[in-house]
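Right, one structure below, let's go through it.
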Amino acid sequence: MSEQYFYGHGKLLLTSEYFVLDGAKSIALPTKLGQRMHVKNRPSNNPKLYWKSFDTQSNCWFETSFELWHFNVLNESDEGLPEVVTLQKILRQARKQNIHFLRDDLDVYVETVLEFPITWGLGSSSTLVYNIAQWAYISPFELQAKTFKGSSYDIACAQSMGPITYQVRSRGPHWETILFNPVFKDNIYFVYSNKKQNSREGIQRYKDLVGDNKDTLIKDLNRITDDILDCVDLKDFEELIFEHEYIVAKAIDLPRIKDDQFTDYWGALKSLGAWGGDFLMATSHKSELETKEYFHQLGHETVFTFDELILQNFQRLGGVLSLTEGELSHVGSQQ
-10 MSEQYFYGHG KLLLTSEYFV LDGAKSIALP TKLGQRMHVK NRPSNNPKLY
40 WKSFDTQSNC WFETSFELWH FNVLNESDEG LPEVVTLQKI LRQARKQNIH
90 FLRDDLDVYV ETVLEFPITW GLGSSSTLVY NIAQWAYISP FELQAKTFKG
140 SSYDIACAQS MGPITYQVRS RGPHWETILF NPVFKDNIYF VYSNKKQNSR
190 EGIQRYKDLV GDNKDTLIKD LNRITDDILD CVDLKDFEEL IFEHEYIVAK
240 AIDLPRIKDD QFTDYWGALK SLGAWGGDFL MATSHKSELE TKEYFHQLGH
290 ETVFTFDELI LQNFQRLGGV LSLTEGELSH VGSQQ
């Protein structure tokens, strides 16, 4: 029996939110928590794919099986289930990108393990797409584009070992490894909002509301992103966060998270990803105990420090990785 192992990192988008879809420069942060995938094969005269997904408590939350000709489900009761439909879509698209994918006379057993609750919005879908792309030896960006769409910054994070800048350009995604390890990182926290946002609805709202001044807003957000990368003072960082929140809130006609839910908080607060849900970033000049206690009292039990959540594992910092559309088909090496 042969075995393969794959891994994708989770993600947080620090700057540019929805504007990254239209070419804004963003800071994206891969997380220490991600998703593992273990694949086992053994010879078979009637090949099938058996799939199990486990949560952080090692509980199997999803299980199904497919025949390997068209990836039709074997259990009729699984037909139409959202998780099955999504997985089918990914597998069928992977086959289109690599016609040899899962064509051998083998029974295939796949187990995936999420290292974070699926409700957290850290990339349960993007890490799955990335892992399947590595397995099928295809472009994870093309697979993402044909299944979930979006900017694909989360795919770049899945394979990165530390913070990056990310930008959608006319010839494809472009990202660079960066040293985002601010001297005030001990004053930065990441708080789960206890609320899962629908990113598709947020994107649609952005498209409906952001009009002719989009280019000007992107220019402003690019400047803020660059200033954040150069920032060495917590107060200056907080002012940039306030400005960023003001721009995005006004553009999508929604209140800033601080004005909406945390009016008495002493530091800066910023929505990350879909506006108003999933994770938010907080700055604090007070102790870790005081800061976490503030959020705990409001029912937000999940609060990470910067070092607890953000991956910083580059062997060589400052490298550049830029891909064009013509090169995307060659991305997909196994780990």
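According to our numbering, the sequence shown holds residues -10 to 324 in order. Where a beta carbon is used, it is the ideal one built from N, C-alpha and C, also for glycine.
Could you pull out every residue in the same chain whose Cβ sits closer than 6 Å to the Cβ of residue i, ignoring the five residues on either side in sequence?
| i | result |
| --- | --- |
| T291 | Y181 |
| T4 | S15, I16 and T214 |
| F90 | A83, R84 and A125 |
| R25 | Y(-4) and V102 |
| Y195 | Y7 and I241 |
| E72 | F51 |
| T116 | G(-3), G23, Q24 and A147 |
| E(-8) | K29 |
For residue i and residue j, what's the separation of their Cα atoms in angstroms?
| i | j | result |
| --- | --- | --- |
| M150 | Y254 | 32 Å |
| A125 | T20 | 24 Å |
| D94 | H27 | 19 Å |
| T205 | D242 | 17 Å |
| P401 | L218 | As shown, the chain starts at -10 and ends at 324. That puts residue 401 outside it, with no answer to give. |
| N64 | T53 | 7 Å |
| T154 | L2 | 10 Å |
| A240 | H163 | 25 Å |
| N61 | F130 | 25 Å |
| F43 | E165 | 33 Å |
| H59 | R81 | 7 Å |
| Q301 | C146 | 12 Å |
| N48 | R160 | 42 Å |
| N211 | Q156 | 10 Å |
| L198 | Y142 | 22 Å |
| K135 | R158 | 18 Å |
| L269 | N34 | 51 Å |
| E104 | L298 | 12 Å |
| T280 | L287 | 12 Å |
| E190 | F137 | 13 Å |
| L261 | P32 | 46 Å |
| E277 | F55 | 48 Å |
Leaving out five residues on either side along the sequence, give the residues of the same chain with a beta carbon under 8 Å from the beta carbon of residue i.
| i | result |
| --- | --- |
| G139 | L10, Q133, S188 and I192 |
| K247 | E234, Y254, A257 and L258 |
| F231 | A257 |
| P106 | D44 and T45 |
| L223 | F173, N176, T272 and H274 |
| N87 | A125, Y126 and I127 |
| L340 | The question about residue 340 has no answer, for the chain in this structure spans -10 to 324. |
Apart from the five residues just before and just after residue i, which ones in its own chain have a Cβ nearer than 7 Å to its Cβ?
| i | result |
| --- | --- |
| I207 | F8, D11, G12 and A13 |
| C220 | P171, F226 and L229 |
| L209 | Residue identity differs from the one stated: residue 209 is Asp in this sequence, not Leu. The answer, listed in chain order, is I236. |
| F284 | V180 and V292 |
| K203 | D11 |
| E68 | V62 |
Taking C-alpha atoms, which residue in the options lies nearest to residue i?
| i | options | result |
| --- | --- | --- |
| F295 | F105, S273 and T45 | S273 |
| T45 | T108, Q123 and T280 | T108 |
| Y(-6) | F268, V157 and E100 | E100 |
| K29 | N211, M(-10) and L198 | M(-10) |
| H289 | I127, D249 and N183 | N183 |
| N120 | G(-1), D197 and L261 | G(-1) |
| E282 | Y178, E297 and D201 | Y178 |
| L70 | F51, L18 and L198 | F51 |
| D267 | S66, K185 and Q123 | K185 |
Is it true that the region 166 to 185 meets the region 37 to 55, where meeting means three or more beta-carbon pairs spaced less than 8 Å apart? no
Extract the residue ranges of the beta strand (DSSP E) inside the region 211 to 288, only unbroken runs of 3 or more that lie entirely within it. 258 to 260 and 268 to 272
Could you tell me which uninterrupted beta strand (DSSP E) segments, each at least 3 residues in length, are contained entirely in the region 6 to 73, listed from first to last along the chain? 15 to 32, 37 to 43 and 49 to 56
Could you pull out every unbroken alpha helix (DSSP H) segment of at least 4 residues lying fully inside the region 83 to 135, listed in chain order? 113 to 125
Taking the runs of the beta strand (DSSP E) that are 3 residues or longer, which of them lie wholly in the region 133 to 212? 153 to 158, 161 to 166 and 177 to 181
Segment contact flag, the region 100 to 113 with the region 69 to 83, C-beta cutoff 8 Å, min 3 pairs: no
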